[in-house]
Structures are given as C-alpha cells and as structure tokens.
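Novice: Quick note on my numbering: the sequence shown kicks off at 414 and runs consecutively. Glycine included, each C-beta is placed from N, C-alpha and C at the ideal position.
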Amino acid sequence: CVTVEHTSREASFAMFLCSSCCAADEGEHKITNLPDLQALSEESPETALGKEAGAAGDPFPVRFHVMLERGADSFFGVDFAAAGGVLMVGDVSDSNGLIASWNCACSDDCKVAKYDRLVMINGFEGRTGKETLNKLKSSKGQVVLVFERPNLFEACITIPTGQLLGLNVSPGPSYVLVVDVEEGPVKTYNDMAPLPLQIKRDSRVFEVNGKAGTGAELVTAIRSASSDTRLRVASWS
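Structure follows, in structure tokens:
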C-alpha cells in the first residue's frame, strides 16, 4: 500500500507550505522582481511563477522561483542538509533572514518550507548538495533560487522471511539518507511503483512503522525490519 498526502490544488502529491509569517525589516532585506528569468532558466515564464514544472498533466515535480537581493551584510537564514546529491531545507531558522522576509511577502505557493530542495542558483545546478550550498554561500547581488517541493509518501514494503530491506543508508540528524537501493524488497516495490512514489538514491526516510527518531535509531529500525514495514519518505525528481 502507498499513502500519498495531497492538497485540493491540481498537484496530487504532497507539498509542505509555510502558512505562518513573521515580522521583517524591509530596510535590511530588499526583495526585487528580476526582469529576465528566461535568461537564467530554460523553464517557461508560467513555471517561473510557481506553476508545475513537469509535463502537462504531470504534477511532479513542483518548482518555484525565489528572487532576492543579497547585500554584504544580509544572510539567507536557512538551515540546510547537504548530504548526497540534494540540498534540503531543514528549517527557515532566522526571522531576520532573506528567506523569512521573502516568505512574508510572497504568495503561499512560493513560500520556502521544510523539506524543499534547492535545485538551482542563478542558473547553476550543483552535482552534490555541498556544491550547491557552496554556490549559495558565495552568491551576492541579484539572486534567483529555484526550489522543488518534496514528494512525501508512506510506502508499505513486504519483506519475505529471512530477507533485509535492501537499502544502503546513512544517518542524518532526524532522518536517514538513501545512498543506494540494492536487490531486495525495496527494489521489488520500486519495480511496481510509479516514479514519484519510488524510494531512490538521495531520498530521505523520516519514520519507520510510524516512529520517528534520530538517524542512528532509524538505521537500526531499517536493518531490523521484518514482515510488512512502513517507511515515510521524502523524494525529489
């Protein structure tokens, strides 16, 4: 079985949207509308305004642009997880940061939220999360960021007697990073699941059988899993 969170919008897959807002000092953080997104991305203007970036009728992935002006004394104010090939938002941690100011000024479908993936910075797309993070740290002046919403789902994996899940994982603070999918029940599940519901490299697992925990605790739960096991997963394109 697979449980997928959804909203009433066209996208049938889960999106975490930040609905709360915070006070921002507009004198410190200037948000600008940049004149030419087309020059920075091959996506259409409609996509640049927060519409679905997939093919027509395909709600996955969902991407949106964030347009900022970064001065010498300004900062993004976001905690990122840079493991593997995905730079994931852990938290919008500082209410005085550029991203928090953006969230206060923009529409709901363009707010940056936990589990979003930072895909591109001024047209640059890193090969690893750390490469993307380093580019972000060095970005000054006009900055256009492309984020992707996570696909959040719960996958039920049937494990035959004597088998392991077949996941090579690495612990994070409150999740495990999927390093590789090996032969086993998860690969069998993937063979039958549609692409947005597959557990793949760089996916994050946040719960095992309904229980969250530290990365080390989740690794232990995955390695000892038997019978029917439920994994709560975030993945991106």
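Closest to Pro584 by CA distance: which of Ser616, Ser506, Lys548 is it?
Specialist: Of Ser616, Ser506, Lys548, the residue nearest in Cα terms is Ser616.
Novice: Can you have a look at Ser514 and say buried or exposed, based on whether 16 or more other CB atoms are within 10 angstroms of its CB?
Specialist: Per the 10 Å Cβ criterion, buried.
Novice: By Cβ distance below 8 Å, which residues in the same chain neighbour Gln576 in space, the five residues on each side in sequence not counted?
Specialist: Result list for Gln576: Gly597, Pro598, in chain order.
Novice: Measuring CB to CB, does Lys524 end up less than 8 Å from Asp504?
Specialist: Cβ distance not < 8 Å, so Lys524 and Asp504 don't count as in contact.
Novice: In terms of DSSP beta bridges, what is Glu544 paired with?
Specialist: Glu544 pairs with nothing; no bridge assigned.
Novice: Taking the alpha helix (DSSP H) that Val599 falls in, what are its first and last residues?
Specialist: From DSSP, the alpha helix (DSSP H) with Val599 extends over 598-605.
Novice: Return the CA-CA distance between Ser454 and Ile570, expressed in angstroms with no decimal places.
Specialist: With a pLDDT of only 39 at Ser454, under 50, the local geometry of the prediction cannot be trusted, and no value is derived from it.
Novice: Below 8 Å on the Cβ atoms is my contact criterion, and I expect Leu631 with Glu567 to pass it. Report the Cβ-Cβ distance as a whole number of Å.
Specialist: Not confirmed; about 14 Å, so no contact.
Novice: Looking at Arg562: is its Cβ nearer than 8 Å to the Cβ of Val591?
Specialist: No; because the gap between Cβ atoms is not below 8 Å, this pair is not in contact.
Novice: Give a yes or no on contact between the segment 636-650 and the segment 544-564, applying the rule of three or more CB pairs nearer than 8 Å.
Specialist: A contact exists between the segment 636-650 and the segment 544-564.
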